[in-house]
Amino acid sequence: MVNYIIITGGVISGLGKGITTASIGKILQLHGYKVTAMKIDPYMNCDAGTLRPTEHGEVWVTEDGGEIDQDLGHYERFLDINIPKYHNITTGQVYGKVIEKERKGKYLGKTVQPIPHVTDEIKNRIRRPSSENSWDFVMVEIGGTVGDYENVLFLEAVRQMKLEGDRVLYLHVTYVPVLDTLGEAKTKPTQHSVKLLREIGIQPDFIITRSEEPLDNVRREKIAMFCNVHEEDVISDSNIDNVYAVTLLFENQDLCAKILKKLNIRKSHNGLENWEKFIKKIRTLKNPVKIGIVGKYFDIGTSQLSDSYISVIEAVKHASWNNNLKPDIRWIDSKIFEKNPKKLSALDKLDGIIVPGGFGLSGIQGKIDTIRYCREHGIPYLGLCLGMQLAVVEYAQNVCCIEKSHSREVDKKIPHPVIDFIPDQVKIVQESRYGATMRLGAYPAILKKGSIVHKLYNENKVYERHRHRYEVNPEYVEKLEKSGLIFSGRSPDGILMEFMELPNHPYFVGTQAHPEFKSRPLKPAPLFDGLIKAAKKKKR
């Protein structure tokens, strides 16, 4: 029988519930259980596809074409499974479905209300994974914090699930702050957060405390007393050097054994040995590899939001660790090079460069200048989606000498659009249908034998995930290839250019896809692994 573990948050947002969810799931998986995960986002959007990266972070793309919350990326990386798009539930989806049913008369004339009709729809969606697969555990993370208006119905739904006989455990993640003026950890915010949760009708089985330092016994006892849990069920989740080590942090507090005990499940085998070796290895790495990420979604107010490129960051880490190197990631705002081209020489100090995906005109010329510098100075380069498109633009302008060539996205009236709309996207954009209409999800590509990418993948046919409306214009492919550019991967019909590379360069590779979405801690994405290997050679 499936077991549901509901993860809620309190006090403040951004506590790392996604990492907590993924880490607990990983412990259970390593003990021999089949685990999957879901994320509930209480916003009214139907998905994350139209949200600004600087507001919500990266848009994660699933194998089946979902544009969803980045926490699903954490789940996939930790659990090493592909999670379908229906594992992300939003208020917009739920309300949309309830209204659709009402219009079709599915409620047989009843007055449609938040309770029970909206909560019933939520429960149906939470239970769907277990009806389609034989999971032992379904992790369900509810976004936001207890007390937010928008997640009340989701909390009511998971309360009802336990009442209706589902096997449910509740874990509440809270923040225990230390005020500089006092130097003492304060538990009162946690107490009030749990009080709010209990008023809704949910008594947490475990309280997981986020803090800078490990929780001491005095604070643990106080939280247990005022939040109605046993002391051993207050789990400390203090800051740690690597997110993948949170799994071991929980295991050292016997969280897995405690979960199984509460559910009356016999503990299975302990399979943490390889994971422990992995964590030990990455903690001992000393030799750095400096990788620059040239992007635009960094600044939000006075802060920098690395979440906009979280999967690229993790893919760099995975590949670096695989090559026994310590990743040293540098953020580079491409607009700096537009203001002062002389600063491009700073790229010489880096071991490799990545230009990731993105949209819009800001910083485009700075990225093109970066790409040209990498091409001309032998700096290992990896272009992802937009990063490949701009590599083609740079080559067309400066090697093929095609005057007034660019991407249609940048200039709608450009005489030579070497990057243009995918044909079926023209009408979609004209009709302003932007939600979930790009080329989304996993698509196949046939790789050219003997090419760099073919050697890296060691496969003739590969599947990578996509999210784009523009592609290399087929009308310019022949001219580009005659000038030395190689399109080393194409769609099965040969129309879409999926991979490109330069043969006489240490590493100059681009892909229309987003291979970062399939990178795993113990299985790095091939193109990132290739970049790091080339960067390692440059260091010598």
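Under our numbering, the residue at position 497 of the sequence shown is numbered 688, and the numbers go up by one with no gaps. Using N, Cα and C, we set each Cβ at its ideal position, and we do this for glycine too.
Check                                                                                                                        : Outcome
Three-state secondary structure (DSSP) of Trp326                                                                             : coil
DSSP three-state assignment for Phe269, whether helix, strand or coil                                                        : helix
Rounded straight-line distance, which links the Cα of Lys477 to that of Ile544                                               : 21 Å
At least 3 beta-carbon pairs within less than 8 Å: the stretch 674-693 vs the stretch 545-562                                : no
Candidates Ala725, Met192 and Gly200, of which the one nearest Val343 by Cα                                                  : Gly200
Close Cβ partners of Glu347 (< 6 Å) along its chain, the five nearest in sequence each way excluded                          : Thr310
contact_flag[the stretch 561-572, the stretch 580-591] where n(CB pairs < 8 Å) is 3 or more                                  : yes
Candidates Asp720, Ala726, Met192 and Leu722, of which the one nearest Asn455 by Cα                                          : Met192
Span of the alpha helix (DSSP H), counted from its first residue to its last, around Phe708                                  : No alpha helix (DSSP H) holds Phe708; DSSP gives it neither H nor E.
Element boundaries [alpha helix (DSSP H), containing Gly557]                                                                 : Ile555 to His568
Whole-angstrom distance between Phe719 and Gln261, CA atom to CA atom                                                        : 20 Å
As assigned by DSSP and simplified to three states, the class of Ile393                                                      : coil
Touch test, the stretch 455-465 against the stretch 220-239, Cβ-Cβ under 8 Å, three pairs minimum                            : yes
Helix, strand or coil at Pro532 [DSSP, three-state]                                                                          : helix
Cβ pair Asp519, Val480 closer than 8 Å                                                                                       : yes
Identity of the residues DSSP links to Pro518 by a beta bridge                                                               : Val480
As assigned by DSSP and simplified to three states, the class of His607                                                      : strand
Alpha-carbon to alpha-carbon, Ile399 and Thr211                                                                              : 9 Å
Cβ shell of Val503 (< 6 Å), same chain only, five flanking positions each side left out                                      : Pro547 and Glu707
For Glu662, the three-state DSSP class (helix, strand or coil)                                                               : strand
Euclidean distance between Cα positions of Ile290 and Arg316                                                                 : 16 Å
Those residues which DSSP pairs with Ala633 across a bridge                                                                  : Arg656
Beta-bridge partners of Phe572, as assigned by DSSP                                                                          : Residue identity check: residue 572 is Tyr in the sequence provided, not Phe. Beta-bridge pairing links Tyr572 to Ile544 and Phe699.
The stretch 689-698 contacting the stretch 640-649, beta-carbon criterion three pairs below 8 Å                              : yes
Assigned secondary structure, Thr475 (DSSP; H/G/I helix, E/B strand, else coil)                                              : helix
C-alpha distance - Glu422 paired with Ala415, whole-angstrom precision                                                       : 5 Å
Of the residues Ile198, Lys297, Lys639 and Tyr500, the one placed nearest Trp522, counting alpha carbons only                : Tyr500
Environment of Arg624 [buried if 16+ CB atoms lie within 10 Å]                                                               : exposed
Buried or exposed by the 16-neighbour rule on C-beta atoms within 10 Å, applied to Val364                                    : buried
Proximity winner among Leu631, Gln703, Leu687 and Gly216, relative to Gly256 (alpha-carbon distances)                        : Leu631
CB of Pro233 within 8 Å of CB of Gly335, strictly                                                                            : yes
Beta-carbon contacts of His705 that lie in its chain and below 8 Å, excluding the five residues immediately before and after : Val252, Ser502, Gly548, Leu575, Cys576, Glu655, Arg656, His657 and Arg658
When Tyr298, Leu671 and Thr227 are compared against Pro320, the one with the closest alpha-carbon                            : Thr227
Where Ile801 falls, given that 16 or more other Cβ within 10 Å makes a residue buried                                        : Only positions 192 to 731 of the chain appear in the structure, and residue 801 is not among them; the question remains open.
For Glu293 and Glu594, the rounded distance between their alpha carbons                                                      : 57 Å
Which residues DSSP lists as bridging Glu332, in chain order                                                                 : Ile198 and Lys230
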